[in-house]
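Trainee: Read top to bottom, the protein sequences are chains A and B. Residue numbers for the first sequence follow the working numbering, beginning at 146 and rising by one. Residue numbers for the second sequence follow the working numbering, beginning at -4 and rising by one. This structure is in structure tokens; I'll ask about it shortly.
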Amino acid sequence: MAMRPPRLSARAVRKSFQATCAVDGVDLDLHAGEILALVGANGAGKSTLVKILCGAIAADDGQIAIDGRVVAFRAVADALAAGIAVAHQQVAIIPCLDGAENIMLGREPRRFGLIDQAALRRKAQALADRVGVAIDLARECGTLSLGETKILDILKAVAHDPAVLILDEPTASLSLAESRRLFTFLDELKARGLAILFISHHLNEVFAHCDRVAVLKDGRKVFDGSVAAATPADVVRLMVGRAIEDTKRESDGAAGDGDLALSLRGARVGRLAIPALDIRRGEIVGIAGVLGAGQTELLERLAGVPHGASAASVRLPGLARLPHSVAEAIAVGVYLVADNRIRKALFPGLDVQENLASGALGVLSRHLFMQPGAEAGAARDVIARLGIKCHGPRQDVMTLSGGNQQKVAFGRWLLRMARDLQAPPPLLLLDNPTEGVDVGAKAEIYALIHDFARKGAAVLVASAEFAELLALCDRVHCIAHHQLGAARPCAGLTEDRLLLEVA
Amino acid sequence: MSTSDTEVPQALADAEGARVANFLACYGTVLAAVAIFIAFSLASNRFVSAANLGNILVQISVLMVVSSGLTVAVASGEFDLSVGEVAGLSGVLAAGMMVWAKLPVALAILAPVACGTAIGLVNGFLVTRLRIPSLIATLAMGPIALGANYAYDGGDSIYATFPESFYYIATGRLFGIIPVPIVIALVVVAVFYVLLNRTRIGRAIVATGANIQAARLSGIAVDRCRVLALALSAFGAAMGGIMLTARLGTGQPGAGEPYLLDSLTAVFLGMTAFKPGRATVQGTLVGVVIIGMLDNGLNLLGAPFYLQNEVRGVVMIAAVSLAVLRGEIRFF
């Protein structure tokens, strides 16, 4: 028994992207009938490792073996044929097909060249019965709950009869009850001898349901052992693995004494409940939550995007309700730097100057006409002040580096504040402000945010990187169980603590 | 360029390489237009004559007006597939109003333009309020406009003599030399150029076309931009239709139809020039000139009539595939 090779074994796997080593010599063994959790902070190399294991990208170095046999993948199809199936975080279920059709998608049994509906249903049902799934496979998938869809998506992966099943954050969008049901299903798969690699941010799940846990940090495996041999606190320490750098915000005493820039009571945005949220001028308040916890919707709603929301009481400068439109929010000085700059903040194909001016068209125009001189001057000022590296204001914004693109996303509001003399003191809403930005640019953006606050801006920042919140904020709220917790001063808080709170 | 370049030499060298590639991306289409010009000049000695060049400009004036309007729609991120039928409808309306209703020329021009613009507003309503993709909404509006056209004239052409002043649109000469249709076309091009490049609403339209979500989050009234862009597109088409009627001397219900493919081709060709990936009025102008030269040159060379159709299709495919391969345009 102990002589049997692991179902999946990776040795010294390495992968670099340009200068950064995303996965740096990782060994991983996965045995039949076990669930191995793979955890790590954002950017630790989890997704790169998963992509290598499932054949989506090629490793620079190292080898992968299945049942002791060395394999080489050129494409996802190779990995699938070798017995590695993946259920990605985004479900690949087609809503207008029913469960059976989805499970057998692309491998429909055929008779005389046409799909054999009876055989298709028989096969799908047999698979569902074997692993104890009681979902009605004749129902159109669009009518199923999120949890049921997720189970079908995993079943679809299982239909390939894999040796190894990789689950990328399967519970990310599920409610607690749905997660429980998913784990019952996973236990059944495990009992049938499947080797499961489970990627999750939720440590309590990991410790409740997995057999072993492997911790990645900066591309290296820093721990691999039974869940009985560690505690969630140990794992968090390993994930963070360093003393928090001393970028911490110096509270100069003034923060928190300013006027209220925003006050929310008894509010709800989508699924997120917000009992109380207050931000004063000169203060930086953070929201800690795993991705998709509802922080993006909250920030967007405050910025005037019409997400469904309600509030018992709202106080914004000059407004006693949530803004009806983005234009109204901007008029009262509420500016959003959105989370996905390519999708939501930048104008591909337009140049740096046009991008910078995009938030201030009214300010930069007179009698319906743009003022080319004013626009160019304002853009030059912002480029110089933020140190945006570009050949000139006329360079296409998409050819800039990620950090410089992010500075442009900030710069749009900076330009408006600098040029609009009637502008009210700003409330800045920052959603993952350093997403995909290198370390150097990160420090510059932190300095920029601190500078905003020093000059009297109120700042609300949501981030999935908790070290960032600790470096930036005076106080921080945690999102847990679809609720925004009470604010706590950052002094004395640690990244570990925050991770445990939101897990 | 700017004299305040303070970058290190290496960066300058990199920038130089990028600049050469950039130049080709921006001016390749213009170079192609020049190449076509030279090729036809060599192939036919009649091509470069002043009379023929003037002729080309007159021939493309209608297309220039229609395409300029369509450019605004495409810049806002929307298609307008109703331009051909709107041009046809407005041309027939103008003829009918002069011949049947005996309306004064000015009114017979203004009313069809207003009517065409109204169709554009309806397109805008369908796209922004009913959330029908513009590709579908304007595709459906085409036959509706054509049906209205047939209903008005019974499906027949309107043959009659128009008031003398109406022909001035097609055959008049400003200061006795410059053909009026060219003047009209240049004025329309200039107005749309200024609109897109110099006005606040124009910038908002371009931003909406570049990234509607980012535009919305910037406080830009994106729906207003899209409605206006579609209205301007129909406005251009209606103007073009009237110029066409003046040139043909009759109101022909089907006269506008070919302008859909031609104007789309011109806009797509234009998207490969100057500011790659963007619909610009100056780019579209280059596209229109290329189409005009191809038509005229092939005619002069005595090419069979069907070759013009083949060439149109091939040019359209070449322009779009170039732009898509270079990642400058993305569809859906």
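Cβ atoms here follow ideal geometry from the backbone N, Cα and C, with glycine treated the same way. Only a predicted model underlies this, so the values are computations on that prediction, with no experimental measurement involved.
1) What is the DSSP secondary structure of A:M384, reduced to helix, strand or coil?
2) Drop a sphere of 10 angstroms on the beta-carbon of A:F655, count the other beta-carbons inside from all chains shown, and report buried for 16 or more, exposed for fewer.
3) On the DSSP bridge list, what partners appear for A:E285?
4) Looking only at its own chain, which residues have a Cβ that is under 6 Å from the Cβ of B:T329, when we skip the five neighbours before and after it?
5) With distances taken between CB atoms, is the gap from A:V385 to A:E640 smaller than 8 Å?
6) Along the chain, where does the alpha helix (DSSP H) that runs through A:G548 open and close?
7) Which residue from B:V319, B:G292, B:E159 puts its Cα closest to that of B:F42?
8) Are the beta-carbon atoms of A:L559 and A:V527 separated by less than 8 Å?
9) Could you list which residues in chain B have their beta carbon closer than 7 Å to that of A:G439, in chain order?
10) For A:C241, count neighbouring C-beta atoms within 10 Å of its own C-beta (all shown protein chains included) and say buried if the count is 16 or more, exposed if not.
11) Measure the CB-CB distance between B:A101 and B:M93 and report whether it falls below 8 Å.
12) For B:G235, name the three-state secondary structure that DSSP assigns.
13) Check B:A241 in the structure and name its three-state DSSP category.
14) If you compare alpha carbons, which of B:I312, B:G244, B:V309, B:T24 is closest to B:F161?
15) Check this for me: beta carbons of A:L181 and A:A374, under 8 Å apart or not?
16) For a test of the three-state rule: what should DSSP assign to B:I179, helix, strand or coil?
17) Can you tell me whether A:I248 is buried or exposed? The criterion is at least 16 other CB atoms within 10 Å of its CB, across all chains shown.
18) Can you tell me whether A:V450 is buried or exposed, with buried defined as 16 or more other CB within 10 angstroms of its CB?
19) Starting from A:H536, follow its DSSP beta bridges and name the residues at the other end.
20) Please report how far the alpha carbon of A:L638 lies from the alpha carbon of A:E589, in whole angstroms.
21) Please list, in chain order, the chain B residues whose beta carbon lies closer than 9 Å to that of A:R488.
22) Between A:I533 and chain B, is any beta-carbon pair separated by less than 8 Å?
23) For A:A560, return the contacting residues in chain B, with the cut-off set at a CB-CB distance below 7 Å.
24) Under a three-way DSSP split, which group does A:P493 fall into?
25) For B:R321, which residues in chain A fall below 8 Å Cβ to Cβ?
26) Could I get the ranges of all uninterrupted alpha helix (DSSP H) runs contained in the stretch 178 to 224 of chain B, with 4 residues as the minimum, in chain order?
27) Would you verify that the beta carbon of A:P493 is, or is not, closer than 8 Å to some beta carbon of chain B?
28) Please state whether DSSP places A:P377 in a helix, a strand or coil.
29) Going by alpha carbons, who is nearest to A:N349 out of A:L321, A:V479, A:D363, A:L331?
30) I need the straight-line Cα distance from A:G532 to A:F492, nearest angstrom please.
31) Do you know whose CA, among A:A602, A:S503, A:V582, lies nearest B:G204's CA?
32) Between A:G178 and A:D306, what straight-line distance do the alpha-carbon atoms span, to the nearest angstrom?
33) Closer than 8 Å, CB to CB, is A:L513 near chain B or not?
34) If I follow the unbroken beta strand (DSSP E) through B:S77, where does it start and stop?
35) Considering only the alpha carbon of each residue, which of A:A210, A:L312, A:F257, A:R557 lies closest to A:V195?
36) For chain B, is any of its Cβ atoms less than 8 Å away from the one on A:V471?
Mentor: From the atom records:
1) Of the three classes helix, strand and coil, the one that applies to A:M384 here is helix, per DSSP.
2) Absent from the model: residue 655 of chain A. The displayed extent of chain A is 146 to 648, so no value can be given.
3) A:D243
4) The shown model of chain B, from -4 to 327, leaves out residue 329 of chain B, and the question about it has no answer.
5) yes
6) Taken as a continuous stretch (DSSP letters only), the alpha helix (DSSP H) holding A:G548 covers 547 to 564.
7) Nearest to B:F42 by C-alpha distance, out of B:V319, B:G292, B:E159, is B:G292.
8) yes
9) Those do not exist, as A:G439 stays about 18 Å from chain B at its closest Cβ, beyond 7 Å.
10) By the C-beta density criterion, A:C241 is exposed, having fewer than 16 other C-beta atoms within 10 angstroms.
11) No, they are not a contact pair.
12) helix
13) helix
14) B:G244
15) no
16) Helix at B:I179.
17) buried
18) buried
19) Answer is none; A:H536 lacks a bridge partner.
20) One alpha carbon belongs to A:L638, the other to A:E589, and they sit about 23 Å apart.
21) N206, Q208, A209
22) No, no contact with chain B.
23) Just to set this straight, residue 560 of chain A is Leu in the shown sequence, not Ala. Within chain B, no residue comes near A:L560; the closest Cβ sits about 11 Å away, beyond 7 Å.
24) In the three-state DSSP reduction, A:P493 falls in the coil class, being neither helix nor strand.
25) Residues of chain A passing the Cβ test: none, with the nearest at roughly 12 Å.
26) 195 to 205, 207 to 212
27) yes
28) Helix, per DSSP.
29) A:L321
30) Computed Cα separation, rounded: 20 Å.
31) A:S503
32) 14 Å
33) yes
34) The continuous stretches of beta strand (DSSP E) do not include B:S77, and DSSP gives it neither H nor E.
35) A:L312
36) Closer than 8 Å to some Cβ of chain B, the Cβ of A:V471 qualifies, so yes.
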